[in-house]
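Please read the structure below before turning to the comments.
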Amino acid sequence: MGIRVIRLSDAPVLEQLLRENRDWLQPWEATHPSGAGAVPGSVSMRPTIKAMRRQLRSGSGAPFVITIGGAVVGQLSVSEISGGALRSAQLGYWVARSAAGRGATPTACALAIDYLFGELGMHRVEICIRPENAPSLRVVEKLGLRYEGRRAAYIHIDGAWRDHDCFAITVEEAEQGMLSRLGASLDAGARPPVQ
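Residue numbers (full-length UniProt numbering): 1 to 195.
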């Protein structure tokens with residue numbers, strides 16, 4: 001299991017995963033309040049991947065794919081990377097139903113958090129989750145993230161403004177590293193060299 005920086009060549013497999021997992025992912029996907037926007041997987045991911053890679057180059061985001069045995073099974077995005085006195089970032093992710101429960105998501109999050117703390121010098125990372133999303137709540141539980149509270153009507157998800165529970169961790173709370181805390185096994189070359 002692991003993560004690597006997203007590539008343009010990942011577009012077809014991500015599109016296929018999004019199409020095949022519509023019923024699994026739709027309840028948790030961000031939507032535009034106006035109702036505009038394409039159904040994920042119904043249009044090319046190439047423009048989105050290009051935009052994500054621009055964020056990577058500018059330092060405002062870091063887009064990864066989640067892998068098991070080298071095969072892409074989902075995506076993890078680091079957003080809202082802030083420097084200065086804040087030094088914070090947010091994680092968002094999704095995986096195919098076939099990857100759920102196999103440790104891929106907690107491992108991917110642990111790798112990303114270790115990268116953010118160790119390589120980018122972040123101080124705090126947060127993950128916001130809908131309270132009804134039991135599989136994602138299990139991810140933050142496995143990682144030992146601290147519950148910070150509920151954000152009412154925080155993100156437009158699946159056609160409505162939805163509450164989210166916020167979980168966070170600081171570098172001081174993860175002294176030994178998130179991956180060692182999780183005790184995860186990795187695919188060879190799974191640590192995320194950002195290119």
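Note that the Cβ used here is the ideal one computed from N, Cα and C, for glycine as well.
Roughly how many whole angstroms lie between the Cα atoms of Arg-181 and Gln-90? Taking the first residue of the sequence shown as position 1, residue 181 is located at position 181. Taking the first residue of the sequence shown as position 1, residue 90 is located at position 90. Approximately 20 Å, taken between the alpha carbons.
Can you give me the C-alpha to C-alpha distance between Arg-87 and Ala-112, rounded to a whole angstrom? Walking along the sequence shown from the start, residue 87 turns up at place 87. Walking along the sequence shown from the start, residue 112 turns up at place 112. Distance between the alpha carbons of Arg-87 and Ala-112 is about 15 Å.
Length of the line joining the Cα atoms of Ala-152 and Glu-132: For the purposes of this step, residue 152 is taken as residue 152 along the sequence shown, with counting starting at 1. For the purposes of this step, residue 132 is taken as residue 132 along the sequence shown, with counting starting at 1. One C-alpha to the other measures close to 14 Å.
Straight-line gap, Ile-129 to Gly-149 (C-alpha atoms, nearest Å): On the sequence shown, residue 129 is found 129 positions in, with the first residue counted as 1. On the sequence shown, residue 149 is found 149 positions in, with the first residue counted as 1. Straight-line Cα distance between these residues: approximately 11 Å.
In the DSSP output, which residue or residues are listed as bridge partners for Arg-138? Counting from 1 along the sequence shown, the entry for residue 138 is found at position 138. Arg-138 pairs with nothing; no bridge assigned.
Using 8 Å for Cβ pairs, my map puts Ile-6 next to Gln-75. What's the rounded Cβ distance? Residue mapping note: residue 6 aligns to position 6 of the sequence shown, counting from 1. Residue mapping note: residue 75 aligns to position 75 of the sequence shown, counting from 1. With a Cβ gap of about 7 Å, Ile-6 and Gln-75 count as contacting.
Just list the residues that DSSP pairs Glu-126 with in beta bridges. In the sequence shown, counting from the first residue as 1, residue 126 sits at position 126. DSSP, once it has assigned bridges, lists Gln-90, Ala-168 as partnering Glu-126.
To the nearest angstrom, how far is it from the Cα of Asp-114 to the Cα of Ser-77? Position 114 of the sequence shown, counting from 1, holds the residue named residue 114. Position 77 of the sequence shown, counting from 1, holds the residue named residue 77. So the alpha carbons of these two residues sit roughly 14 Å apart.
Excluding the five sequence neighbours on either side, which residues of its own chain have a C-beta within less than 8 Å of the C-beta of Ala-99, listed in chain order? In the sequence shown, the residue the question calls residue 99 occupies position 99. Counting only Cβ-Cβ distances below 8 Å, and skipping sequence neighbours, we find Ile-66, Ile-68, Val-73, Gly-74, Thr-105.
Bridge partner(s) assigned by DSSP for Ala-71: As a working note, residue 71 is residue 71 in the sequence shown. DSSP lists Ile-68 as partners of Ala-71.
For Asp-10, three-class secondary structure by DSSP: Stepping through the sequence shown from its first residue, residue 10 is reached at position 10. Three-state result, Asp-10: helix.
Reduced DSSP category for Ser-44 - H, G, I as helix; E, B as strand; rest coil: As a first step, residue 44 must be located in the sequence shown, where it is residue number 44. Ser-44 falls in the coil class under three-state DSSP.
Counterpart residues of Gly-183 in DSSP-defined beta bridges: Your numbering for residue 183 matches position 183 in the sequence shown. Under DSSP, Gly-183 takes part in no beta bridge, so it has no partner.
Boundaries (first-last residue) of the beta strand (DSSP E) holding Arg-151: As a first step, residue 151 is located in the sequence shown; it is residue number 151 there, counting from the start. From DSSP, the beta strand (DSSP E) with Arg-151 extends over 146-157.
Using DSSP with H/G/I as helix, E/B as strand and the rest coil, what is residue 197? Because residue 197 is not part of the residues shown, which for the chain are 1 to 195, the question remains open.
Using beta-carbon positions only, say whether His-156 and Pro-33 come within less than 8 Å of one another. As a first step, residue 156 must be located in the sequence shown, where it is residue number 156. As a first step, residue 33 must be located in the sequence shown, where it is residue number 33. Going by beta carbons, His-156 and Pro-33 fall inside the 8 Å limit.
Please report the distance separating the alpha-carbon of Tyr-93 from that of Phe-64. Along the sequence shown, read from residue 1 onward, the residue named residue 93 stands at position 93. Along the sequence shown, read from residue 1 onward, the residue named residue 64 stands at position 64. In this structure, the CA atom of Tyr-93 is about 9 Å from the CA atom of Phe-64.
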